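So the protein sequences, as listed, match chains U and H.
When we follow the working numbering, the leftmost residue of the first sequence carries the number 1326, and every step to the right adds one.
When we follow the working numbering, the leftmost residue of the second sequence carries the number 100, and every step to the right adds one.
First comes the structure, then the notes that go with it.
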Amino acid sequence: MSKRVDAVDLNVYYGDFLAVEGINMSIDARAVTAFIGPSGCGKTTFLRSLNRMHEVLPGARVKGELLLDGENIYDPGVDPVTVRTQVGMVFQRPNPFPTMSLRENVLAGYKLNGARLSKSESDDIVESALSSANLWAEVKDRLDRPGSGLSGGQQQRLCIARTIAVKPDVILMDEPCSALDPISTLAIEDLIGELQRDYTVIIVTHNMQQAARVSQKTAFFNIAGTGKPGKLIEYDDTTAIFNTPKEKSTEDYVSGRFG
Amino acid sequence: MSSSLTQSDKRGVAGDRVFSALTVTAGVIILLTLTFVVLFLAANSRGAVYQEDQGGWIVGAFFDYAYPLVIGTLIASLIALLLAAPVAVGVALYISHYAPPRWSKSIGYVIDLLAAIPSVVYGAWGMSFLGPELIPVYNWLHENLGFIPFFAGDPSQTGRTIFTAGIVLGVMILPIITSVCREIFIQTPKLHEEAALALGATRWEMIKMSVFPFARAGIISGIMLGLGRALGETMAVALVLSPGMLTASLISNGNSTIPAEIALGFPEAPPGSERQAQLIAIGLVLFVITLLVNMTARWIVNRHKEFSGAN
Chain U
1326 MSKRVDAVDL
1336 NVYYGDFLAV
1346 EGINMSIDAR
1356 AVTAFIGPSG
1366 CGKTTFLRSL
1376 NRMHEVLPGA
1386 RVKGELLLDG
1396 ENIYDPGVDP
1406 VTVRTQVGMV
1416 FQRPNPFPTM
1426 SLRENVLAGY
1436 KLNGARLSKS
1446 ESDDIVESAL
1456 SSANLWAEVK
1466 DRLDRPGSGL
1476 SGGQQQRLCI
1486 ARTIAVKPDV
1496 ILMDEPCSAL
1506 DPISTLAIED
1516 LIGELQRDYT
1526 VIIVTHNMQQ
1536 AARVSQKTAF
1546 FNIAGTGKPG
1556 KLIEYDDTTA
1566 IFNTPKEKST
1576 EDYVSGRFG
Chain H
100 MSSSLTQSDK
110 RGVAGDRVFS
120 ALTVTAGVII
130 LLTLTFVVLF
140 LAANSRGAVY
150 QEDQGGWIVG
160 AFFDYAYPLV
170 IGTLIASLIA
180 LLLAAPVAVG
190 VALYISHYAP
200 PRWSKSIGYV
210 IDLLAAIPSV
220 VYGAWGMSFL
230 GPELIPVYNW
240 LHENLGFIPF
250 FAGDPSQTGR
260 TIFTAGIVLG
270 VMILPIITSV
280 CREIFIQTPK
290 LHEEAALALG
300 ATRWEMIKMS
310 VFPFARAGII
320 SGIMLGLGRA
330 LGETMAVALV
340 LSPGMLTASL
350 ISNGNSTIPA
360 EIALGFPEAP
370 PGSERQAQLI
380 AIGLVLFVIT
390 LLVNMTARWI
400 VNRHKEFSGA
410 N
């Protein structure tokens, strides 16, 4: 079920402002790819263009091609809603639907697709999604309680369960651990390692140890200065980026000599 | 260091005391006002339920007088709500989530302008324009849907019916409900909207999944605010409606509402008479109805607190 992602000469705009320029990269299926770089370098903007969430903001648009297993998701005939069912997203802050129970949260994507599920089918989906998100054991006795009653780390795992319940091809994660404590972070990182068996996982992170721990490939983004577009500086195996970077700025950033 | 834990900022403490005294006073004044209004209404309405020369308690007579007015008030308000609430929610949604950003502000202002029109203007419009325009509609309703009790009875030939009054009230409460709903819709956390969109929701599905659940309490409060206005609206109804006996038909002459009854009757009621007591008593009834409406609204809003997203 997992698909590769290729960006071809991708430019991302907010109105007239060019935020990310000329991205060319191939992201492997069934692997974890990390985006690192200083704040404002466009890594989150680029991530959000991968499932067409970028264009939700007024004036935001994209030029170039983004291929999902060879199919351009920015083709005029493509419905962004369909793209988003295939490319799931986990946000920086956990955002379970507060008015829904845990169970309804997990099934939210199915409800959108208009699927009619029997009780046992939906029970199976809830259990397998929550198990894959390493949350089942903690919440199986309170599936009808509101999702907002969980701890931050549990909420984030609930959001991951909600995303993988609909079996997407790609999972995007925008700093999924930045609002979590170290123990919850560890739980999410373990989970990312397991997800990679079935999904293409792309994660934006500010934490370089995290990138080194969870990813096989790492992309380093940077900007020349305020108001300048963000660019992809270097993209390679994670071990290469952290040990033998080719670019000077990559080396400065990963070794903490940045700025 | 000379400072010790027992010293404190004297001026700050004084300011704190003054401010807390002010807020307590303001709170007490509201409660006192409310108490005096209730006491005044209760004391002066005694004559409506007790008259020496009629053999003591006359609760039954007052009830016979009051219930048609209560029903009339509720009918007019209900018509207004049924017409205004869906339109208001739709307009608010359009402004908050559909209209291009540079239009939404001006549309909002226009809606707010509707609230600035004095109720006597609405009344005059309803009486001299809307009513006559509706006469053919009432005739048609009577001919084609006359088997429904609401449209039985002879259609009014002036158009000044409870239905016309309800429509006018609906237009009047539209901006109140709209602006409350709009404020709430705008405040929907982006986080939850994006959660829905990222799962593959269309715009309408996103609104159903994240905006409506978040705004539920706000929509109810907006509707209740509108209902409060509709229940208490005097001038517009007094002008539009030609009052009469209670009748099930909404398109005939007849029916009346409590505020209109008080407004039309009070100038002619001699001070201290049974008639005046009656009018004040019916005012007390309206007060209780409004109170019940607000309490029900609170109860509905609180029922699902746990799932409201407030925690």
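Glycine is no exception: its CB is placed at the ideal position from the N, C-alpha and C atoms.
Predicted model only: the values in this text are computed from it and were never measured.
Please list, in chain order, all residues of the same chain as A257(H) whose beta carbon is under 7 Å from its beta carbon, the five residues on each side excluded.
A small correction: the amino acid at residue 257(H) is Thr; Ala does not occupy that position in the sequence shown. Correct list, in chain order: G230 and S341.
Assign I194(H) to one of three DSSP states: helix, strand, or coil.
I194(H): helix per DSSP, three-state reduction.
From which residue to which residue does the alpha helix (DSSP H) around A1344(U) run?
Note, A1344(U): premise wrong, no alpha helix (DSSP H); beta strand (DSSP E) at F1342 to I1352.
Mapping DSSP to helix, strand and coil, what is V1333(U)?
Strand, per DSSP.
For P1383(U), which residues in chain H fall below 7 Å Cβ to Cβ?
By Cβ distance, chain H contributes P200.
Taking 8 Å as the threshold (beta carbon to beta carbon), is V1631(U) in contact with chain H?
Residue coverage of chain U in this structure runs from 1326 to 1584, which leaves residue 1631(U) outside it and unanswerable.
Give the straight-line distance between the Cα atoms of L1557(U) and G1362(U), rounded to the nearest whole angstrom.
Cα to Cα, the separation comes out at about 9 Å.
Taking three-plus beta-carbon pairs below 8 Å as touching, is the region 274 to 286 of chain H in contact with the region 195 to 212 of chain H?
The answer is yes - the region 195 to 212 of chain H touches the region 274 to 286 of chain H, with three or more Cβ pairs under 8 Å.
Measuring CA to CA, which of D1353(U), E1500(U) and D1394(U) is closest to Q1417(U)?
For the residues D1353(U), E1500(U) and D1394(U), the minimum Cα distance to Q1417(U) belongs to E1500(U).
How would you label V188(H), buried or exposed, when you count the other beta carbons within 10 angstroms and need 16 or more for buried?
Buried: at least 16 other Cβ atoms inside 10 Å.
Check T1585(U) in the structure and name its three-state DSSP category.
Coverage of chain U is limited to positions 1326 through 1584, which leaves residue 1585(U) absent and any answer about it impossible.
I'd like to know whether the C-beta of L192(H) is nearer than 8 Å to at least one C-beta of chain U.
Output row for L192(H): interface = no.
In chain order, what residues of the same chain lie with their CB nearer than 8 Å to the CB of G327(H), ignoring the 5 residues before and after it?
Excluding residues within five positions, the ones whose Cβ falls inside 8 Å are T389, V392 and N393.
Excluding the five sequence neighbours on either side, which residues of its own chain have a C-beta within less than 6 Å of the C-beta of M1498(U), listed in chain order?
Closer than 6 Å at the Cβ level, and outside the excluded window around M1498(U), lie V1415 and I1528.
Just checking, does the region 163 to 172 of chain H make contact with the region 316 to 325 of chain H on the three C-beta pairs under 8 Å criterion?
Judged by Cβ distances under 8 Å, the region 163 to 172 of chain H makes no contact with the region 316 to 325 of chain H, as fewer than three pairs qualify.
Return yes when the Cβ of L296(H) is within less than 8 Å of the Cβ of N1420(U), no when it is not.
Contact: no.
Which residues in the same chain as S203(H) place their Cβ atom closer than 6 Å to its Cβ, once the five residues preceding and following it in sequence are excluded?
Excluding residues within five positions, the ones whose Cβ falls inside 6 Å are I194.
Could you check whether the Cβ of H291(H) sits closer than 8 Å to any Cβ belonging to chain U?
By this cut-off, H291(H) is an interface position.
Tell me whether V1491(U) sits in a helix, a strand or coil according to DSSP, three-state version.
V1491(U) falls in the coil class under three-state DSSP.
If we count the other Cβ atoms within 10 Å of its Cβ and call it buried at 16 or more, is K1328(U) buried or exposed?
Buried, by the Cβ-count rule.
Just the C-alpha distance for A409(H) and I399(H), rounded to the nearest angstrom, thanks.
Residue placement at A409(H) is flagged as unreliable, the pLDDT there being 45, under the threshold of 50; a coordinate-derived value is accordingly withheld.
Label K1573(U) either buried or exposed according to how many other C-beta atoms from any shown protein chain fall within 10 Å of its C-beta, with 16 as the threshold for buried.
Per the 10 Å Cβ criterion, exposed.
Is A214(H) near the ligand FAD, in the sense that its beta carbon is under 7 Å from a heavy atom of that ligand?
With respect to the ligand FAD, the structure shown offers nothing to examine, as it has no ligands at all.
For Y208(H) versus M271(H), is the C-beta distance shorter than 8 Å?
No, they are not a contact pair.
For T301(H), would you say it is in contact with chain U, using Cβ-to-Cβ distances shorter than 8 Å as the test?
True, the Cβ-Cβ gap to chain U drops below 8 Å.
Do we get a CB-CB distance below 8 Å when we pair F1416(U) with the residues of chain H?
F1416(U) counts as touching chain H.
Would you call the region 1514 to 1521 of chain U and the region 1351 to 1366 of chain U in contact, with 3 or more CB pairs under 8 Å?
Yes, they touch.
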